[in-house]
Amino acid sequence: GAVVSQHPSRVICKSGTSVKIECRSLDFQATTMFWYRQFPKQSLMLMATSNEGSKATYEQGVEKDKFLINHASLTLSTLTVTSAHPEDSSFYICSARRGQGNEKLFFGSGTQLSVL
Amino acid sequence: DAKTTQPNSMESNEEEPVHLPCNHSTISGTDYIHWYRQLPSQGPEYVIHGLTSNVNNRMASLAIAEDRKSSTLILHRATLRDAAVYYCILSPGAGTALIFGKGTTLSVSS
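Chains A and B supply the protein sequences, listed in that same order.
The opening position of the first sequence corresponds to residue 42 in our numbering, with each subsequent residue numbered one higher.
The opening position of the second sequence corresponds to residue 476 in our numbering, with each subsequent residue numbered one higher.
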């Protein structure tokens with residue numbers, strides 16, 4: 042079945058540094074990918090919709106200059122957390138839908154970001 | 476976004492069927508009903524989805540009420556590996572993101 046690969050699975054960084062998370066659709070092309078964030082014991086919160094070849098659409102309250110999203114190809118979207126701070130520590134998850142219809146979403150395995 | 480209501484938690488015993496309910500009284504005619512589950516420290520996993528008719532797959536069955544205002548995810552024989560948070564989500568249209576609610580935490584005892 043279709044697979045979405047997300048790397049790294051875990052990253053620890055110092056406050057003020059930037060971290061890049063990659064999300065790849067391994068056997069299908071994804072014109073749209075979605076990025077979520079999840080804090081402990083909470084549900085997933087949609088951060089942004091990543092569109093291939095165009096600017097991402099951010100949800101209300103998500104800083105676009107802090108969470109940079111690039112979707113340069115049909116199989117790769119990246120999320121860069123710039124100038125990370127401890128409050129950015131969270132579980133980040135990407136997802137993609139294979140077709141254009143109301144099909145299921147495939148999710149990456151998630152990236153646990155810890156900012157010291 | 477159309478919202479869903481699920482019980483916070485449910486318990487089951489191994490080998491027994493589990494019925495996870497979901498209410499979505501404001502569902503529109505084009506909303507699909509999606510179910511996903513999430514194990515700790517993992518991304519969500521697709522379980523099943525449907526529009527009007529009941530659906531079956533190797534993981535579960537989805538029973539949709541005739542008025543579509545509620546649905547039930549059925550795990551026919553629960554195993555310890557089925558312990559997870561189960562999310563019932565309405566998907567309004569093609570290409571749209573899924574908005575997650577709080578879900579139901581299913582515990583399975585041996």
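Don't be surprised by glycine CBs; every beta carbon is placed ideally from N, CA and C.
Asked	Found
When you compare only the Cα positions, how much space is there between N584(B) and E490(B)?	The sequence given here places Ser at residue 584(B); Asn does not occur at that position. Between S584(B) and E490(B), the C-alpha separation is close to 10 Å.
Looking at chain B, is there any beta carbon in it that lies within less than 9 Å of the beta carbon of L85(A)?	yes
Suppose the cutoff is 8 Å on Cβ atoms and the five residues either side in sequence are ignored; what does the same chain contact list for G149(A) look like?	V45, S46, Q47, C64, I134, C135 and S136
Identify, in the order they occur along the chain, each residue of the same chain with its Cβ nearer than 6 Å to the Cβ of Q153(A), setting aside the five sequence neighbours on each side.	R51 and F132
Over the uninterrupted beta strand (DSSP E) stretch that includes S65(A), give me the two end residues.	The residue you asked about is not Ser; residue 65(A) is Arg in the sequence shown. From DSSP, the beta strand (DSSP E) with R65(A) extends over V60 to S66.
With a threshold of 9 Å between beta-carbons, can G578(B) be considered close to chain A, or not?	yes
Tell me the DSSP bridge mates of S50(A)?	None; S50(A) has no bridge partner.
Below 9 Å between beta carbons: does that hold for D557(B) and S484(B)?	no
Does the beta-carbon of T72(A), which I'm using as the reference point, lie nearer than 8 Å to any heavy atom of the ligand NAP?	With respect to the ligand NAP, the structure shown offers nothing to examine, as it has no ligands at all.
Taking 9 Å as the CB-CB cut-off, is Q47(A) touching chain B?	yes
Go ahead and label Q101(A) buried or exposed: buried means 16 or more other beta carbons lie within 10 angstroms of its beta carbon, across all protein chains shown.	exposed
Using beta-carbon positions only, say whether N92(A) and T72(A) come within less than 9 Å of one another.	yes
Give the straight-line distance between the Cα atoms of T53(A) and E541(B), rounded to the nearest whole angstrom.	First, the amino acid is wrong: residue 53(A) is Ile here, not Thr. Taking the straight line joining both Cα atoms gives about 50 Å.
Hey, is R138(A)'s beta-carbon within less than 9 Å of any beta-carbon in chain B?	yes
Would the segment 68-82 of chain A and the segment 492-504 of chain B be scored as touching if the rule is three or more Cβ pairs under 8 Å?	no
Name the one or two DSSP bridge partners that F80(A) has.	Answer is none; F80(A) lacks a bridge partner.
Could you list the residues in the segment 101-120 of chain A with a C-beta less than 7 Å from some C-beta on chain B, going in chain order?	none
Which bits of chain B does L67(A) rub up against, with CB to CB less than 9 Å?	Under the 9 Å cutoff, chain B gives no residues; its nearest Cβ is about 14 Å from L67(A).
Quick check: what's the CA-CA separation for S516(B) versus S503(B)?	33 Å
For K145(A), count neighbouring Cβ atoms within 10 angstroms of its own Cβ and tell me buried if that reaches 16, exposed if not.	buried
When you compare the CB of Y561(B) with every CB in chain A, is at least one pair closer than 9 Å?	no
Does the beta-carbon distance from S59(A) to V122(A) come in below 9 Å?	yes
Can you check DSSP and say which residues form a bridge with T72(A)?	Partner(s): none; T72(A) has no beta bridge.
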